[in-house]
Every structure is written in C-alpha cells, then in structure tokens.
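Data block below; observations after.
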Amino acid sequence: SQQGEEDPQALSIQEGENATMNCSYKTSINNLQWYRQNSGRGLVHLILIRSNEREKHSGRLRVTLDTSKKSSSLLITASRAADTASYFCATPNTGGFKTIFGAGTRLFVKA
Amino acid sequence: DTEVTQTPKHLVMGMTNKKSLKCEQHMGHRAMYWYKQKAKKPPELMFVYSYEKLSINESVPSRFSPECPNSSLLNLHLHALQPEDSALYLCASTATGSGNTIYFGEGSWLTVV
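Protein chains in written order, with our numbering: chain A, 1 to 111; chain B, 112 to 224.
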C-alpha cells in the first residue's frame, strides 16, 4: 500500500500563479522528500524536510510538514511553464531502504 | 544531468527474448535500486542492493533477475517477459540507504511485444 497520497491528482494553472500540492502519509517518518519528474524522464530530488522541521524553503519552493496530521504541502510560487511536471512526495521507512512514493500530482502551467 | 546512467534508453523485446538493462553510478553510493513505473503512476520498488548484496526483493517475478557486479554497476536481466511488463524502469542510488536523497537515472523504456 502506498505510504503517501497526494492531492490534487492534476492541477492546471496560469504562469505566474502559485501551485500547492498536498501529501498525506500513514506511519511515523524521519523525513519527507519531494521529487519532480518531467514527462518520460527520471525523478529529480527537490527538497527534504525532517520530522522536527515545520517549514523549509528552497528558491521558489516552500514545503511544510505537520506530523500531527501526517501531512505535507509543496508550494511553488510564481510558476513558470517549465514547472510543468509530475510532483511526488516520498517517505523513507525507518531503518530500511524502502522509500514509498505518493500517487503524484501532475502540474500543468500554461504560458 | 543525472549522475546515474542507464542504458539503453529504449528497448523493444519479444516475449521469448533475453535482454538486459544496465545502470552505472560513480558517486560512491553503496545502495542501488531498481524501480518500475507505469504511466501516470508512482515508481514501485523492485530490488535493493546494499554493498553489492541483494537486500530487498519486492516479490518480483523471477523473469526479472538483478545483478550487481560491483559497487558502481547494476544490471537487470530480462527473460520471458509479458506485455504487461512494459514500463519505464528506473535505476537509482543513495549514499547509505534509508532516508537519504535518491538519485535517479533517466530510465529505460521497455516495450514487450
């Protein structure tokens, strides 16, 4: 079963708007990661937030983590057409090698 | 550009063929992974190698056979595949395993005819 579930499944916005994606997970985590995948390509790591952090920024990305609600959000500000991609949250299991990916949000940014 | 290199980028094979997917990384990572990804779905873990030893097999059918010749190389041998095995196969590596950033290759698109 998937550890992370994301919503929305798909999101279409205009260039310049902000995009928010949400992720929920089921078990305790040490950290949560977000990845981006351009169509037909490999996944690229965007940002990692640790369980003792509530918010983290990286350029136009802002990630929040609420461990009490077992949820995280990824905000992309001032979106660009080049941000069009699928975005996945990922939660590594404690002590092992299994990282479980959420279902993903497909973002389409219209120029 | 990714630091994990996968070949070939595209592969078409018949159900009776034997082929291999190859993966290479030179980041000194000691954990390497194979994931399978179907269209519009997240990657699904298949195998994990840690220090060149198979540590996780996610109940993958035996028609998929992984091999880790050394700490930089990872192969996936394919034999007697089914059309439903058509997917994007992603190789990845991490520094130690749990909780670390995963570095993915660009993937090998496999079509079984």
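Even glycine gets a Cβ: it sits at the ideal position worked out from N, Cα and C.
Here the structure is a predicted model, which is why all the values come from computation and not from measurement.
Residue of the options minimising C-alpha distance to residue i
i: T205 (chain B); options: B:V159, B:Q117, B:N186; result: B:V159
i: T84 (chain A); options: A:G40, A:E6, A:L48; result: A:G40
i: E195 (chain B); options: B:V224, B:K164, B:G139; result: B:V224
i: I29 (chain A); options: A:I100, A:S73, A:A10; result: A:I100
i: C134 (chain B); options: B:T222, B:S173, B:F215; result: B:F215
i: Y87 (chain A); options: A:I49, A:Q37, A:G16; result: A:Q37
i: F175 (chain B); options: B:P119, B:K120, B:E114, B:K129; result: B:K129
Test: residue i CB closer than 8 Å to a CB of chain C
i: L48 (chain A); result: Considering every chain present, this structure includes no chain C. Its protein chains are A and B.
Test item: CB-CB of residue i and residue j under 8 Å
i: A203 (chain B); j: Y162 (chain B); result: no
i: A90 (chain A); j: Q33 (chain A); result: yes
i: G102 (chain A); j: P153 (chain B); result: yes
i: I47 (chain A); j: N31 (chain A); result: no
i: V63 (chain A); j: S51 (chain A); result: no
i: M138 (chain B); j: L189 (chain B); result: no
Check: residue i C-beta below 7 Å from any heavy atom of the ligand NAD
i: K130 (chain B); result: Annotation note on the ligand NAD: not contained in the displayed structure, which lists no ligands.
Beta-bridge pairing of residue i - partner residues as DSSP gives them
i: Y162 (chain B); result: BP columns for Y162 (chain B) are empty, so no partner.
i: C202 (chain B); result: B:W145
i: T116 (chain B); result: B:E135
i: M126 (chain B); result: Partner(s): none; M126 (chain B) has no beta bridge.
7 Å Cβ shell around residue i - same chain, five flanking residues per side excluded
i: H45 (chain A); result: Q33, Y35
i: Q2 (chain A); result: Residue placement at Q2 (chain A) is poorly supported in this model, since its pLDDT is 42, which falls under 50; the coordinates still yield a value, given next. Excluding positions up to five away in sequence, the list reads I100, G102, A103.
i: P8 (chain A); result: T105
i: E6 (chain A); result: M21, N22, C23, C89, G102, A103, G104, T105
Close beta carbons around residue i, own chain, < 6 Å, minus the five adjacent residues each side
i: S71 (chain A); result: S24
i: L132 (chain B); result: L187, Y200, S219
i: K149 (chain B); result: A198
Assumed close pair residue i, residue j - CB separation to whole angstroms, cut-off 8 Å
i: M126 (chain B); j: A198 (chain B); result: No, M126 (chain B) and A198 (chain B) are not in contact; Cβ-Cβ is about 15 Å, not under 8 Å.
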